[in-house]
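Working notes, beginning with the structure itself.
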Amino acid sequence: MRKLKEFTSEQEIIDCIVDDIKKNLERSKITYKGRKVLITGGAGFLGSYICQVLVEQEARKVICIDNFSSGKKENIERLLDKPNFTFVYHDISHEFNPEENIDIVMHLASRASPFEFEHHPIQILKSNTLGTMNALEIARMYDAEFFYTSTSEVYGNPDPAHVPTPESYWGHVNPVGPRSCYDESKRAGEAFVKAYELEYNIPVRIARIFNTYGPRIRGGPLFGRVVANFIEETLQDKTISVFGDGSQTRSFTFVSDQIEGLLRLAYPEIPQARSEVINIGNNLETTILDLAKLIKELTNSSSEIGFFGLPKDDPTRRCPVLDKARDILNWKPRTQLVDGLKLTIPWFKFMIH
Ligand code: UDP
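Quick note, our numbering runs 2 ahead of the 1-based positions in the sequence shown.
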């Protein structure tokens, strides 16, 4: 990727990331050229990259469905005039019929930030249960392949013996806790996918996504995930809000790695991936305190690190086993945390100023 100082706009950073994803996919001859793909949540952080990659790979048609609950119109604005891109404003927890043939349905729509769990639990439950069923119905109606984005949250707060966590781990989830609207609905979503596979023989694939960051991740009080919050705080010289003592870990995946992994898993020409559930993430664990220190250093900020209450049921550790991704998809994350942050921080600078 190019050096940071060469970027003159936030859009250039996005285009650079998209080019990188396309290059890595095309090296393995993975192209969605000629396919018709329907993407729920296509205006979201991850969905909007997928839309852009597929449009630029000359997919026959990319149908993006979103209700801007956590996605943003700005994320897809530059795609709206492309002949192979269609946007439909719709909440997928209500039925939807595209009334045209579809080759692949990708279901990404869901709010994903812990602050949203508190404010929109019912909407979250609906997008991952009813929304998954409605998306599966589209695949059933048009004989399409189905791709579901699940989450590392299905593992809940795994006991230490199961970290790093393989796909075979069943999870340790509080069904009535503050995160249950997300964790349990994603688990139910996986069950829906498997039920449709069993009853209707739909070709399905499930990704379990681990913490992903990069340009376009949302900050602020409702949407802010940890990387976005720390960058925004350091750029404004505010106190860095570490929850708890910061000893909890996450394994942060840069968005280009995540999208490449997802598009490998969803690719129909990798038949070994059919029916599979595969972790897509980074297996380098970082403590939240180390993340705060690293972002402070990279932003050259005078912010102090502050310690605040740890949210209830906050998972202690998260780290994936990536053997299936390696063996089946020939994929592994390439981007070091420091390098991903060096692309994310300037993007936030463009957005703040
Ligand atoms: N976190 C934090 N400060 C923040 C936001 C999050 O210390 O401003 C912590 C949070 O408690 C968790 C980790 O960072 O341990 C990752 O949180 P995030 O909201 O990104 O997503 P999660 O992985 O919990 O779903």
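Virtual Cβ for every residue (Gly too), placed ideally from N, Cα, C. In this text, all values refer to a predicted model and were calculated from it rather than measured experimentally.
- At a Cβ-Cβ threshold of 9 angstroms, Y51 and R210 do not count as neighbours.
- The way I'd put it, the stretch 78–89 does touch the stretch 34–53; three or more beta-carbon pairs between them come closer than 8 angstroms.
- Taking the Cα positions, R320 is about 31 angstroms away from T33.
- The beta carbons of D185 and T153 sit closer together than 9 angstroms.
- Within the same chain, and ignoring the five residues on either side of V156 in sequence, the residues whose Cβ sits closer than 6 angstroms to its Cβ are G173, K188, R189.
- Residue pairing by DSSP leaves N302 without any beta bridge partner.
- Among the bridge pairs identified by DSSP, M108 is matched with I41, F149.
- L200 is classed as exposed because its beta carbon has fewer than 16 other beta carbons within 10 Å across all chains shown.
- In the three-state DSSP reduction, H164 falls in the helix class (H, G or I).
- DSSP places K63 within a strand segment (E or B) once states are collapsed to three.
- According to the DSSP assignment, V244 belongs to the beta strand (DSSP E) that extends over 242–245.
- Of the candidates L27, I124, P166, the residue whose Cα lies closest to the Cα of S182 is I124.
- Cβ-Cβ distances below 8 angstroms link I104 to K38, V39, L40, I65, I140, A141, Y144, A146 in the same chain, with the five nearest sequence neighbours on each side left out; the list follows chain order.
- Note that the C-beta distance between L312 and G246 is below 9 angstroms.
- Per the Cβ contact rule, the stretch 252–259 is in contact with the stretch 325–339 (3 or more Cβ pairs under 8 angstroms).
- Look at which beta carbons fall closer than 7 angstroms to any heavy atom of the ligand UDP; those residues are S115, P116, E155, N213, G226, R227, V228, V229, N231, F232, S243, V244, F245, G246, G248, Q250, R252, I290, L312, P313, D316, P317, R320.
- Annotation: the continuous beta strand (DSSP E) that includes A209 extends over 206–211.
- Secondary structure note for N281: its beta strand (DSSP E) is the uninterrupted segment 279–282.
- I78: not part of any beta strand (DSSP E); DSSP gives it neither H nor E.
- The Cβ atoms of T346 and G216 lie closer than 9 angstroms to each other.
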